[in-house]
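Novice: Chains as they are written, first to last, in the numbering used here: chain X, 10 to 268; chain B, 13 to 426.
Built from N, CA and C at the ideal position, the CB exists for glycine as well.
Please read all numbers here as calculations on a predicted model, not as lab measurements.
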């Protein structure tokens, strides 16, 4: 393990994690024994080609799926022993999800989309608190003025920002992003990575699945998977800073226009 | 604690709100689904109302005959195998009537009856009507009121007085708008003084107009109008509804004994038991009401199946939405409740409109069929409750299906 810095207990601990599917007679071993520790405040990219098991690993990390072998401790709690109900509570309280296809509720305003996790939280959040917290989350992702827009009235980047606001509103321990830039153009992708870096600087742990190297370069650490196993786990020495790149990009565009 | 309740209320309201919004998004579909329930509930309400109306009408006709009435008819006279109908045989005598009054303990009042059709002449007009001889107790036995004047008394009966009580239709035919009380009417050329007028009672059982008649003392009738010694029937009032059967038995054995009928021979009279008729009629109309109601109930079940169908479609369509909700922490119970509330909202909405439509139809039937359909609060409550139960019953399976979805599968669903 190359977790050099000494910190408190890791927020995520995987030990020999295995996930196998049975489709009829055939047994598919999607994850074949992954051990991993992720500390609070990290920004990890999980990379790999399709079929490498990264999505399965992500679903397990997100408590949407249970491991068939090994252990997974989230914030010190072994999730293999939990019921569906307890998993739902865990997702609500400790995790935030961002998906490739945004997964916003259609025909529902940005504000209400962001309020959704609080609808299911225990103890109940009062109506006013919901509204305030959703508003704050939207401010944080730069969409304070788009509260009452429907997803269909927002651009892809804006929709993904709403999804991030929804993921953040429950003040989760970990933000899980599954190919968040997969449906976005380069410029918007860089903007989004800028937002992630900002959030990470503010102390939020982020785990992101991607298959694009240049997107992974914005993270602090890169885990590469192949055939259900981790084949490399490295810290990025010179990670890219999205904010500065955007400034340079802007200047370059300006020059183009002038020329 | 108060905050908690308030929040719970908000939560509930929001669940209902989400359900309403989901239903509004598919207006056509929701409307058609609700229509199934509307038709079901409306037909239950209307059919039960029609059944109840019929029952009420028949019951009122039966009870219009009087309170605890037994009528002893002379048997049918047979000449060469041809029956001439009840009351035609000459077997019941005045002495029989007296014996019933004297010897049967539960008998309260007795009115021997003779009748004839005769031409009544008064006020320069004439009219063919039923002339019926009765005792002074007849109106009491039949629970019949006078609209004017008085009934003849015991002395009039004993003295065979030439007095008459006139039916409202007869009065109208003979006197028009004039007050018939104190007027003279001639029956078979004998002048009778009209001393009272009967309340209108309308058509009785069998469609005979009970308002077209002249009631005179039976003594007078036997002596001057029919000229017969035999009675057509004897009207008997019994002390209470629970004494009817026993009184009937006692009268039967009394008359068999008086008519010297050997055991094994048929009665030469018939006893019409009002309670028996009322019971039979009641049970028949209850069965009809049940039948109508259950046929209508079937359409309610079909409506429920419609709800189930639409909810299943909705669950499939919204698999992804369910996945999102589960991902952000919705528990199976939350999802189940959401879809259940949707189903119940549909059925309750249908129930509400159905009740209104059902009441409307009942009113309409009342207008067109000259027949008062009785919408009971019970049937409304029942239809409403049943539609609610149908929403729960037929919503449960789709809701359960939604709640049982695996989050990853639901999120991946296209």
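1. Where DSSP assigns a beta bridge to residue 65 of chain X, which residues make up the other side?
2. Got a sec: is the Cβ-Cβ distance from residue 97 of chain X to anything in chain B below 8 Å?
3. Among B/160, B/402, B/408, B/166, whose alpha-carbon lies nearest the alpha-carbon of residue 149 of chain B?
4. Could you work out which residues of chain B lie near residue 175 of chain X, taking near to mean beta carbons separated by less than 8 Å?
5. Between which residues of its own chain and residue 36 of chain B is the CB-CB distance below 8 Å, once the five residues before and five after are set aside?
6. Using the Cβ count rule (16 or more neighbours within 10 Å means buried), how would you classify residue 265 of chain X?
7. On a Cα-Cα basis, can you pick out the residue from B/115, B/281, B/60, B/397 that is closest to residue 259 of chain B?
8. Listing by chain order, which chain B residues have their CB less than 8 Å from the CB of residue 129 of chain X?
9. Strictly under 8 Å for the Cβ-Cβ distance: is residue 116 of chain X near chain B by that measure?
10. Mapping the DSSP letters down to three states, classify residue 15 of chain X as helix, strand or coil.
11. How is residue 378 of chain B classed by DSSP in three states: helix, strand or coil?
12. In angstroms, rounded to a whole number, what distance separates the CA positions of residue 14 of chain X and residue 137 of chain X?
13. Residues of chain X with a CB under 9 Å from the CB of residue 23 of chain B: which are they?
14. Indicate whether residue 51 of chain X and residue 103 of chain X have their beta-carbon atoms separated by less than 8 Å.
15. Among residues of its own chain, excluding the 5 on either side of residue 131 of chain B, which ones have a beta-carbon nearer than 7 Å to its beta-carbon?
16. Give the C-beta separation of residue 111 of chain X and residue 169 of chain X to the nearest angstrom, bearing in mind that I take them to be a contact with Cβ-Cβ under 8 Å.
17. What is the DSSP secondary structure of residue 151 of chain B, counted as helix, strand or coil?
18. Using a Cβ-Cβ cutoff of less than 6 Å, which residues in the same chain neighbour residue 241 of chain X once the five nearest sequence positions on both sides are dropped?
19. Taking 8 Å as the CB-CB cut-off, is residue 63 of chain X touching chain B?
20. With a cut-off of 8 Å, does the C-beta of residue 141 of chain X fall near any C-beta of chain B?
21. Taking the beta strand (DSSP E) that residue 131 of chain B falls in, what are its first and last residues?
22. For residue 94 of chain X and residue 343 of chain B, which I take to be in contact (beta-carbon distance under 8 Å), what is that distance rounded to the nearest angstrom?
23. Would a C-beta distance cut-off of 8 Å place residue 203 of chain X and residue 258 of chain X closer than the cut-off?
24. Leaving aside the five residues before and after residue 327 of chain B along the sequence, list all residues of the same chain whose C-beta is less than 6 Å from its C-beta, in chain order.
25. Interface residues of chain X around residue 41 of chain B at Cβ under 7 Å?
26. I'd like to know if residue 90 of chain X contacts chain B, where contact means its C-beta is closer than 8 Å to some C-beta of that chain.
27. When you compare only the Cα positions, how much space is there between residue 300 of chain B and residue 117 of chain X?
28. Could one say the Cβ of residue 310 of chain B lies closer than 8 Å to chain X's Cβ atoms, at least one of them?
29. Under a three-way DSSP split, which group does residue 242 of chain B fall into?
30. Does the beta carbon of residue 327 of chain B fall short of 7 Å from some heavy atom of the ligand FMN?
31. If you draw a straight line from the C-alpha of residue 12 of chain X to the C-alpha of residue 230 of chain X, how long is it?
32. When you compare the CB positions of residue 31 of chain B and residue 357 of chain B, do they come within less than 8 Å of one another, or not?
33. Is the shortest distance between the beta-carbon of residue 410 of chain B and the beta-carbons of chain X less than 8 Å?
34. Short of 7 Å in beta carbon distance, which residues of its chain neighbour residue 235 of chain X, apart from the five on each side in sequence? Order them along the chain.
Specialist: The answer reads as follows:
1. Answer is none; residue 65 of chain X lacks a bridge partner.
2. yes
3. B/166
4. 340
5. 42
6. exposed
7. B/115
8. 337, 340, 341, 342, 343, 346
9. yes
10. Confidence at residue 15 of chain X is low in this model, with a pLDDT of 49, below 50, so its placement is unreliable and the value that follows should be read with caution. Coil at residue 15 of chain X, not helix or strand.
11. helix
12. Low confidence applies here, because residue 14 of chain X scores a pLDDT of 49, under 50, leaving its location unreliable; read the following figure in that light. Using only the alpha carbons, I get a separation of about 41 Å.
13. 128, 133
14. no
15. 138, 140
16. 6 Å
17. helix
18. 233
19. no
20. no
21. 119-134
22. 5 Å
23. no
24. 410, 413, 414
25. Residues of chain X passing the Cβ test: none, with the nearest at roughly 15 Å.
26. no
27. 52 Å
28. no
29. strand
30. In the structure shown, the ligand FMN is absent, as is every other ligand, since no ligand is present at all.
31. Only weak support exists for where residue 12 of chain X lies, its pLDDT of 47 falling under 50; the value from the coordinates is given anyway. If I take the Cα positions, the gap works out to 10 Å.
32. yes
33. no
34. 57, 61
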